[in-house]
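The sequence shown: position 257 = 265 (the numbering used here), numbered continuously. Each residue gets a CB set at the ideal place from its N, CA and C atoms; glycine is no exception. Since we're looking at a predicted model, the values are computed, not measured.
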Amino acid sequence: MNLKERLREALLEDIGSGDVTSEALIPETDVSRGYFLAKEEGILCGVPFALEVFRLLDPNLEEEIILKEGDRLLPWTVFLRIKGKTRAILGGERVALNLLSHLSGIATRTNNFVRIIQGTKAKILDTRKTTPLWRDLEKYAVRTGGGQNHRMGLFDMALIKDNHIRAKGGIKEALKSARENLRPGVKVEIEVTNFEEFLEALEGNPDWIMLDNMPPSEIRKCVEKGKGKVILEASGGITEENIREIAETGVDYISLGALTHSVKALDISLELEEN
9 MNLKERLREA
19 LLEDIGSGDV
29 TSEALIPETD
39 VSRGYFLAKE
49 EGILCGVPFA
59 LEVFRLLDPN
69 LEEEIILKEG
79 DRLLPWTVFL
89 RIKGKTRAIL
99 GGERVALNLL
109 SHLSGIATRT
119 NNFVRIIQGT
129 KAKILDTRKT
139 TPLWRDLEKY
149 AVRTGGGQNH
159 RMGLFDMALI
169 KDNHIRAKGG
179 IKEALKSARE
189 NLRPGVKVEI
199 EVTNFEEFLE
209 ALEGNPDWIM
219 LDNMPPSEIR
229 KCVEKGKGKV
239 ILEASGGITE
249 ENIREIAETG
259 VDYISLGALT
269 HSVKALDISL
279 ELEEN
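Pasting the structure below:
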């Protein structure tokens, strides 16, 4: 399902058989102007998708884009103005705001982590812990906030996790099977939880090793042993309080499910100007 189809479905979910309030109060030909207001500081993300929502209801919508994607919002900043049919604006308001608030929240949270580890070699990565059917937009928001995308799904990279290892009978067996059966060009990552597992995984020559829920002291040992041999990613139990210490171990990447699965929406509103 492409983006336009998903936005149509989101509008259908909200409007259903009709916006009974607007249809009772607003003439069909009525036109209004409105503006989007950020009520707290953050990183702007989602304007193109919000505008597409309104265009599905009013193809002649006019817009004035004041701030661009990735710009920092300050409290009480007006970042977008629109003009169009009043019923269309009111009908698309909630879907557009939900997208803007959620995606800006992801971009903001990502940017906070990026700024905390600034000056280290580590890069911030997202995960697959995303809202079903909206992964592409949420990963776009991570990029807008200065992070990078891990794999998009199960199809573009092999990630051997604990359940795969148990099912296959061990780290060596899992890596051997992956190398024998994967199509050429597919990178192989494996998850380990301690230094002993790391050494075993390193012998299997993966492209990438995820260090899951390891303390910084153990991550540092893995970095010293694996430097120049494998890409290293720290994951699990990472917060704003400990991410700097983890980044300073020398890992290449730090992945956080919290960028998308439990992010706080940014407070944004749409205000109509009086006719």
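List in chain order: all unbroken alpha helix (DSSP H) runs of 4+ residues lying wholly within the region 67-100.
Secondary structure remark: continuous alpha helix (DSSP H) runs of at least 4 residues inside the region 67-100: none found.
Let me know if Thr152 comes out buried or exposed under the rule of 16 or more other beta-carbons within 10 Å of its beta-carbon.
What you label residue 152 is simply residue 144 of the sequence shown in a count that begins at 1. With 16 or more other Cβ atoms within 10 Å, it is buried.
Answer yes or no: does any C-beta atom of chain B fall closer than 7 Å to that of Leu19?
No chain B is present in this structure, which holds just one protein chain.
Using CA atoms only, rank isn't needed, just tell me which of Val259, Ser263, Glu282 is closest to Gly127.
Position 119 of the sequence shown holds residue 127. Checked all of Val259, Ser263, Glu282; the closest Cα to Gly127 is Val259.
Start and end residues, alpha helix (DSSP H) containing Gly234
Mapped onto the sequence shown, residue 234 falls at position 226. Taken as a continuous stretch (DSSP letters only), the alpha helix (DSSP H) holding Gly234 covers 224-234.
Using a threshold of 7 Å, state whether the C-beta atoms of Asp170 and Lys195 are closer than that.
The residue given as residue 170 occupies position 162 in the sequence shown. The residue given as residue 195 occupies position 187 in the sequence shown. With respect to the 7 Å criterion, Asp170 and Lys195 are not classified as neighbours on the basis of their beta carbons.
Have a look at Val103 and Ile90 and give me their C-alpha separation to the nearest angstrom.
Residue numbering aside, residue 103 sits at position 95 when the sequence shown is read from its first letter. Residue numbering aside, residue 90 sits at position 82 when the sequence shown is read from its first letter. The straight-line gap from Cα to Cα measures roughly 15 Å.
Quick check: the Cα distance between Gly26 and Glu36, rounded to an integer number of angstroms?
Reading the sequence shown from its first residue, position 18 is the one you call residue 26. Reading the sequence shown from its first residue, position 28 is the one you call residue 36. Each residue's alpha carbon lies about 13 Å from the other.
Proximity to Phe121 [Cα-Cα], best of Gly92, Leu107, Gly154:
Indexing the sequence shown from 1 puts residue 121 at position 113. Ranking the options by Cα distance to Phe121, first place goes to Gly154.
Whose C-alpha, out of Thr135, Trp142, Asp164, is nearest the C-alpha of Glu4?
In the structure as shown, the chain starts at 9 and stops at 283, and residue 4 therefore has no counterpart that could be examined.
Quick one: Cα of Arg80 to Cα of Leu280, how far?
Taking the first residue of the sequence shown as position 1, residue 80 is located at position 72. Taking the first residue of the sequence shown as position 1, residue 280 is located at position 272. Taking the straight line joining both Cα atoms gives about 23 Å.
What three-state label does DSSP hand Ile187 in the structure shown?
As a working mapping, residue 187 is identified with position 179 in the sequence shown. Correcting the residue identity first, residue 187 is Arg in this sequence and not Ile. Arg187: helix per DSSP, three-state reduction.
Among Glu211, Leu210, Phe206, which residue has its Cα nearest to the Cα of Asp220?
As a working mapping, residue 220 is identified with position 212 in the sequence shown. For Asp220, the closest alpha carbon among the candidates Glu211, Leu210, Phe206 is that of Phe206.
Roughly how many angstroms lie between the CA atoms of Pro83 and Gly212, to the nearest whole one?
Translated into positions along the sequence shown, residue 83 becomes position 75. Translated into positions along the sequence shown, residue 212 becomes position 204. Rounded to whole angstroms, Pro83 and Gly212 show a C-alpha spacing of 52 Å.
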